[in-house]
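Letter 263 of the sequence shown, counting from 1, is numbered 263 in the working numbering, and no numbers are missing.
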Amino acid sequence: MEQLAGPLAPIFTRPRCLEHQAGHHHPEAPARLRAVLDRVRTVDPGALREGSRDPLEAIRRVHPDAYLDRLAAVAAAGGGRLDPDTVMNAWSWEAALGSTEAALSALDSALVGVPAFAAIRPPGHHALREASMGFCLLGTAVIVAREAQALGRGRVLIVDWDVHHGNGTQALIEADPTIRFVSMHQWPHWPFSGAAEERGVGNVFNVPMRAGLPPDRYVAAFWEAVVTATADFPPELIVVSAGFDSMAGDLLGGFTLEPEHYTAWVDRIRTRFPSVPVVALMEGGYIPARLADGVVAVAAALR
Ligand SMILES: [Zn+2]
1 MEQLAGPLAP
11 IFTRPRCLEH
21 QAGHHHPEAP
31 ARLRAVLDRV
41 RTVDPGALRE
51 GSRDPLEAIR
61 RVHPDAYLDR
71 LAAVAAAGGG
81 RLDPDTVMNA
91 WSWEAALGST
101 EAALSALDSA
111 LVGVPAFAAI
121 RPPGHHALRE
131 ASMGFCLLGT
141 AVIVAREAQA
151 LGRGRVLIVD
161 WDVHHGNGTQ
171 ALIEADPTIR
181 FVSMHQWPHW
191 PFSGAAEERG
201 VGNVFNVPMR
211 AGLPPDRYVA
221 AFWEAVVTAT
231 ADFPPELIVV
241 SAGFDSMAGD
251 LLGGFTLEPE
261 HYTAWVDRIR
271 TRFPSVPVVA
281 LMEGGYIPAR
291 LADGVVAVAA
301 ALR
């Protein structure tokens, strides 16, 4: 098992994740990841790792080749707008591949007993099987879950505390009882899916919540859903879609969370599931300094 010296769990990234740009004034900007990496270098430079895993086989379990070819072609042509919110430049395809590499390397770490974080962009939880959506190109959390299943982990729990519903993750797994999905999100809010009645095949647990509530309400509701989702489903891997736009003051959401609340969730996850591998993937979070606060809190709690 890896010996860790510093205060943070391993944080996997790829430099090419900084090259993806969706245009000036787009909130999903390189400054987000740069702030995270700068903070990690200050707190625990030894925690940073480069993802090194060839991601294509894993990606192809989730997305058809025609869609992947289209993404590669848009990048090769210098970029372009894929949907109202999602824009690629010439490096966006490489950034999406790099995000998946880092996420899979974080999975590998978790599977040998060292919980890990993937500091990546673009995010993933809105991506559909054959379409981008909401800044997302590839369904990274589901790619990681399917890879773990290919490596023998049968039951996977994906938990998503981003302020937006993880509609892409839900769409990719809602017919599959081997993956359970808990998403807490602001309601009503973009993308306007994620009602509590959306249950998949009994494997989807949505927690729609109003904006502006005291943080303890969010902490309790999310945890209650995790407990419910796992009552008859002992997970063999836990994937966290760690979005930090659920923090107080975010540009794109109205939740009220602080770093200590993410710490509390990770602590509860690790206490309740002490021998289950945990891998956390960066999703949203649009105030770079706050995003860095959140990532460091989670990486410290994973340590
Ligand atoms: Zn979000």
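Even glycine gets a Cβ: it sits at the ideal position worked out from N, Cα and C.
Rounded to whole angstroms, the separation of the alpha carbons of Asn89 and Arg16 is 12 Å.
About 13 Å separates the beta carbons of Pro235 and Val144, which is beyond the 8 Å limit, so they are not a contact pair. Around the beta carbon of Ala103, a 10 Å sphere encloses 16 or more other beta carbons of the protein chains shown; the residue is thus reported as buried. Three or more beta-carbon pairs drawn from the stretch 5-15 and the stretch 34-54 are found closer than 8 Å, and the two stretches are therefore classed as touching. Short of 7 Å from the beta carbon of Asp293, and not among the five residues preceding or following it, lie these beta carbons of its own chain, in chain order: Pro259.
Between ligand 1 and Gly243, a heavy atom-to-CB distance of less than 7 Å is present.
For Phe181, the pairing in a beta bridge is given by DSSP as Ile158 and Val204. Here Thr256 carries a coil assignment [DSSP, helix/strand/coil]. Assigned with DSSP and collapsed to three states, Ala90 falls in coil, not helix or strand. In the structure shown, Gly23 falls within a coil segment according to DSSP collapsed to helix, strand and coil. For Val240, the enclosing beta strand (DSSP E) covers residues Leu237 to Ala242. By the CB criterion at 8 Å, Val295 and Phe117 fall inside the cutoff. For Leu302, there is no enclosing beta strand (DSSP E); the enclosing alpha helix (DSSP H) has its first and last residue at Pro288 to Leu302. With a threshold of 7 Å, the Cβ atom of Gly284 counts as near ligand 1, since some heavy atom of the ligand is closer than that. Following the DSSP letters along the chain, one finds Ile11 in no alpha helix (DSSP H) but inside the beta strand (DSSP E) bounded by residues Ile11 to Thr13.
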